[in-house]
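Here's the structure we're looking at; comments come further down.
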Amino acid sequence: NCAYMWMEHSLSPKVQGDVSAWFGSLPVVPAACKGNELLGDEGCKTNGYDNFEKIRFWKTPVSKCATQDQCVPYYRWVSDYIG
C-alpha cells in the first residue's frame, strides 16, 4: 500500500534527521538524533530534546476558572484579540 510505504519512508531516521535539520525541530524518531549529517551530533540538544518535560500544552480560555478572579470565555478572548 502506498500510504504505508510513505509512512515507512518518512519515519526513517535519515529522513527524520534531515527534516529536523531543515526546520530546526526535533525528529519523531529518537534514533535520528545520532549520526545525521545535516542535523549534526548536537542538533537534537540544540533544538530542545532535553526539555521535553518542560512542555506545557495550551488550554482554551474558559469563563469560570479556579485560579483567577476574572476569566474570559474563548469567543470573547478571540474577538478581543483580533479586534
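If you count by the working numbering, then the sequence shown holds residues 3 to 85, one letter each, in order. Note that CB positions come from ideal geometry on N, CA and C, so glycine has one too. Every value quoted in this text rests on a predicted model; they were computed, and no experiment measured them.
Excluding five sequence neighbours on each side, which residues of the same chain lie with their C-beta closer than 6 Å to the C-beta of L40? Within the sequence shown, numbered from 1, the residue matching residue 40 stands at position 38. So the list reads D20 and A23, once near-sequence residues are dropped.
Just checking my contact of N53 with S27 at CB under 8 Å: how many whole Å lie between their CB atoms? Reading the sequence shown from its first residue, position 51 is the one you call residue 53. Reading the sequence shown from its first residue, position 25 is the one you call residue 27. Incorrect: roughly 13 Å between the Cβ atoms, too far for contact.
For my contact list, Q18 and A5 are in at a C-beta cut-off of 8 Å; report their separation, rounded to the angstrom. For this step, residue 18 is matched to residue 16 along the sequence shown. For this step, residue 5 is matched to residue 3 along the sequence shown. The pair is not a contact, with the Cβ atoms about 18 Å apart (cut-off 8 Å).
With C-beta atoms as the reference, is Y76 less than 9 Å away from T62? Along the sequence shown, one-based indexing puts residue 76 at 74. Along the sequence shown, one-based indexing puts residue 62 at 60. Result yes, Cβ atoms of Y76 and T62 sit closer than 9 Å.
Once DSSP output is grouped into helix, strand and coil, what is the label at D43? For the purposes of this step, residue 43 is taken as the residue at position 41 of the sequence shown. Of the three classes helix, strand and coil, the one that applies to D43 here is coil, per DSSP.
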